[in-house]
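First up is the structure itself, then whatever we jot down about it.
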Amino acid sequence: MSKLKSLFLIPCFILLSSVSVAQAQIPLATNSDGVPTLAPMLEEVTPAVVNISVEGKRVTRQRMPEAFRFFFGPNAPQEETREQPFRGLGSGVIIDAEAGYVVTNNHVIDDATDITVTLKDGRQFSARVLGRDEQTDVALLKIDNPRDLTAIQIGNSDAMRVGDFVVAIGNPFGLGQTVTSGIVSALGRGGFGPERLENFIQTDAAINSGNSGGALVDLRGNLIGINTAILGRGGNIGIGFAIPANMMKNLVDQILEFGEVRRGVLGVRGGNLTQELADALDISRTRGAWVSEVLADGAAERAGIQAGDVIVSVDGNDIQSFTELAATVGTMGAGRKVTLGVIRDGEAMNIDVELLEREAEAAAATMHAALQGAQLSAEGNNQGVRITSVDEGSPAHRLGLRADDIIIGVNRQRVSSVSELRRLLDNTQGVVAMHVRRGQSTLYLVLPN
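Under mature numbering (1 follows the signal peptide of the UniProt record, and there is no 0), the residues of the sequence shown are numbered -24 to -1, 1 to 425, in order.
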């Protein structure tokens, strides 16, 4: 890590001024001379990769010069706050053509008030943020009035191996759509930011500023990663990073179902398994996540995980480090059931765990005060939001909501997901009337101001 500390992990975003896992079967091809070519695959895939331009304002703080404070006396402000407009460029990937869903990096759209998506054919659409997750740098956008879009097929990033060929597609330096190729250089990279959940795919495919949010695909055109950062001082040095597609899909599914990320929590503390620890524990492997403490009444304790255990896999996929374990579990939704491969006293075993939810994030799940006490879930197929349960005597119960009600609209505007419901409730002024379907009948419930 000493060499890494002398460099920078740089988001590949240009600042201009201050789904179910599926495998596509696009065949590998040769040209008329029998030479292998990626052109047919790219013709299928590149329309799903878009350019994203953003505009907004960011608050900057500048410390007042000492001479200024001396001139105005002790009551002079310590710092000056200003709003500065900015514009930026990045990339994105269409994952649902009908709904107009686009995945990009959170840092691409951070603080943006206007988002424009430009397709490969030059068409432009406005877009808005459905949900975001700062810790993984993933954001989900929705194109307004989508039409004639092309979506990418999402591959299984867990199946990738070091040495597999990959292709990076994005918008480097604002030049327009650009394709580069390379291999998977490493898997499970992380540890660059203590507050982030990192489980990067490392690649030597050229990634530069502006590639943020673009696609990393395999040779059959399956999306296996979202390009996010480079290691260096601003340009490509052959070390780029992508968020695995499986991690991205876990987050997107949560945003679509709940309107936010409800992060799963295992409830352990620990570190990486080292040679010294392996020798002390008398185990033959030196890669894994060593558990030093099991938190009281957490998911791990309930499942029987013990201090001193070494977690080596999640749902059959190998875990190389504690960082990778934290990122893998942290991007799975609360309530998700996973199988952990564990070594205890030299014996291998599998332990089933149901992940819990962070209390702070559970509290943040509420939207309008009148809906407190109701558990919400996307009905699917853009059919509304289902009330899965209602606490007796809660504001939602007093309002008249009941389990299995489906919220299908707010003030005559259709509701297709939890995030849509949140947006409409936040942006509607005056009287708010929710259109609810209950069995074979419908009714309107008026929310109190």
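Backbone N, C-alpha and C fix where the C-beta goes; we use that ideal spot for every residue, glycine too.
- Excluding five sequence positions before and after A350, the CB atoms of its chain that fall closer than 6 Å to its own CB belong to I363, V366, A372 and L377, given in chain order.
- Proximity to L163 across T156, L332, V79 and A135 peaks at A135, based on C-alpha coordinates.
- Put simply, the segment 225 to 232 does not touch the segment 178 to 191. Fewer than three CB pairs are less than 8 Å apart.
- As a beta-bridge residue in DSSP terms, L116 pairs with V79 and G107.
- For R414, there is no enclosing alpha helix (DSSP H); the residue is found in the beta strand (DSSP E) stretching over V408 to R414.
- Under a 10 Å Cβ-count criterion, T80 is classified as buried, with 16 or more other Cβ atoms of the shown protein chains found around its own Cβ.
- I177 and F217 do touch by the CB rule: their CB atoms are close to 7 Å apart, below 8 Å.
- Spanning the alpha carbons of L117 and I327 requires a straight line of approximately 37 Å.
- The beta carbon of E330 sits closer than 7 Å to those of A275, G311 and K313, all from its chain and outside the five residues before and after it, given in chain order.
- Residue state for K96 is assigned as coil, using DSSP reduced to three classes.
- Closest in alpha carbon position to G146, among G280, V84, R172 and D90, is V84.
- Look at P122 here: in three-state DSSP terms it is coil, with no helix or strand label.
- Taking 8 Å as the upper bound for CB-CB distance, D180 and G214 are in contact here, some 4 Å apart.
- Counting only unbroken stretches of 3 or more residues, the beta strand (DSSP E) elements lying wholly within the segment 228 to 312 are 244 to 248, 265 to 270 and 286 to 290, in sequence order.
- Cβ neighbours of L106 within its own chain (closer than 7 Å, five residues either side excluded): L116, L117, K118, I231 and S395.
- Excluding residues up to 5 positions away in sequence, T262 lie with their Cβ nearer than 7 Å to the Cβ of Q251 in the same chain.
- Take N222, set aside five residues on each side of it, and the residues of its chain with a beta-carbon closer than 6 Å to its own are S133 and D134, in chain order.
- Minimum Cα-Cα distance from S157 among the listed residues R165, F168 and G139 corresponds to G139.
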